[in-house]
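Residue numbers (this note's numbering), protein chains in the order written: chain G, 1 to 145; chain V, 1001 to 1145.
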DNA sequence: CTGATAGTGGGGAAAAGTGGGGGATTATAT
DNA sequence: ATATAATCCCCCACTTTTCCCCACTATCAG
């Protein structure tokens, strides 16, 4: 279970520290991919395999499925730690998430999310006011992701 | 499983690097064919056989089936690597995908896709805005995530 | 204060990617 | 049939990127 919020910066070589608390839960190799809403998702291999198994049931003849799979899998990379606990973020992911200097790394249960500080602040200030409404309808629908 | 996004360019001789990470999964010989949405699909022989088997279950009495099979099989060519890990793209495929200089090579699970940088950018900018909506409904149909 | 743990930055070897020359094979023309 | 042209590969050399290692700083606890 990943929880918490950490602030770190990415360096010129595209390296970013993953907070110590998250490291052992991720294992040696893990997956970084594009998330929804301008952030990156980080999954342990186990969580990732669960998602991929479900995606593989989607047919390539359906347009929405093709688009989602392209988006999600093309953004994915296998990451490993260097001796200092950092990972390399590939340049397509850097530009997607707009992380050039200050980053926010948050734990969200089964995954970690990486945000640029700017996007995170934007998201947070706008989301926090609507949280009461969002909570209201959260469990009304049939399917939960 | 093929994942990731790579940017390379095709040279004047029609040669294109396949990223190192993809090479061993493809094997010595593999298939390049026309894809849906102005890109090329690259399959290992194994995945290719799976698809062909499925296509063979379609009846030639159906017009859509005839058209799709023509499209998909007529574009197919067997490719091999040169010593530097490059492949030759035949000129019908080059003109179909419009790849003359900058290319984007992405992994999408059981296949690789080759896009011209321009087509990819067009696809991506429009897809990323609709991704939130697509994700919302993706598993509402028969399959649940 | 001191030692241990976490985070930051940079140099250099190795791997990956790019471009071009030249020989062999195939095609074309006289 | 032979000379010329075109194409396809294979190889070599150069450039760029990636990754690994080391050294330094910051923070915290005893």
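Ideal Cβ positions, reconstructed from N, Cα and C, are used throughout, including at glycine.
Give the DSSP bridge partners of residue i, in chain order.
i              : result
residue 1127/V : Bridge partners of residue 1127/V: none, in fact.
residue 1088/V : 1015/V
residue 116/G  : 103/G
residue 40/G   : 34/G and 114/G
residue 109/G  : 2/G
Between residue i and the rest of its own chain, which residues show a CB-CB distance below 7 Å, the 5 nearest in sequence each way excluded?
i              : result
residue 28/G   : 80
residue 1094/V : 1014
residue 1005/V : 1104 and 1106
residue 1022/V : 1002, 1107 and 1112
residue 48/G   : 31
residue 1065/V : 1058 and 1059
Give a yes or no on whether the minimum CB-CB distance between residue i and chain G is below 9 Å.
i              : result
residue 1144/V : Model confidence at residue 1144/V stands at a pLDDT of 42, short of 50, so the residue's coordinates are unreliable; what they give is reported in the following sentence. With 9 Å as the cut-off, residue 1144/V counts as an interface residue toward chain G.
residue 1016/V : no
residue 1002/V : yes
residue 1008/V : no
residue 1081/V : no
residue 1025/V : no
residue 1089/V : no
Is there a Cβ of chain V sitting closer than 9 Å to that of residue i, yes or no?
i             : result
residue 52/G  : yes
residue 77/G  : yes
residue 69/G  : yes
residue 97/G  : no
residue 33/G  : yes
residue 132/G : no
Where do the N-terminal and C-terminal ends of the alpha helix (DSSP H) with residue i fall, by residue?
i              : result
residue 1074/V : 1063-1074
residue 945/V  : The shown model of chain V, from 1001 to 1145, leaves out residue 945/V, and the question about it has no answer.
State buried or exposed for residue i, treating a residue as buried only when at least 16 other CB atoms are found within 10 Å of its CB.
i              : result
residue 1043/V : buried
residue 67/G   : buried
residue 131/G  : exposed
residue 61/G   : exposed
residue 1020/V : exposed
residue 1018/V : buried
residue 1110/V : buried
residue 124/G  : exposed
residue 1100/V : exposed
Who are the near neighbours of residue i in its chain, counting only those whose CB is closer than 8 Å to its CB and skipping five residues on each side?
i              : result
residue 7/G    : 102, 103, 104, 105 and 117
residue 1160/V : No information on residue 1160/V is available, as it lies outside the stretch 1001 to 1145 that chain V covers here.
For the beta strand (DSSP E) that contains residue i, what are its first and last residues?
i              : result
residue 51/G   : Counting along the chain, residue 51/G falls outside any beta strand (DSSP E), though it belongs to the alpha helix (DSSP H) covering 45-55.
residue 1080/V : 1077-1080
residue 1003/V : 1002-1009
So, for residue i: in the same chain, excluding its five sequence neighbours on each side, which residues have a beta-carbon less than 6 Å away from its beta-carbon?
i              : result
residue 1075/V : 1033 and 1034
residue 120/G  : 104
residue 115/G  : 39 and 104
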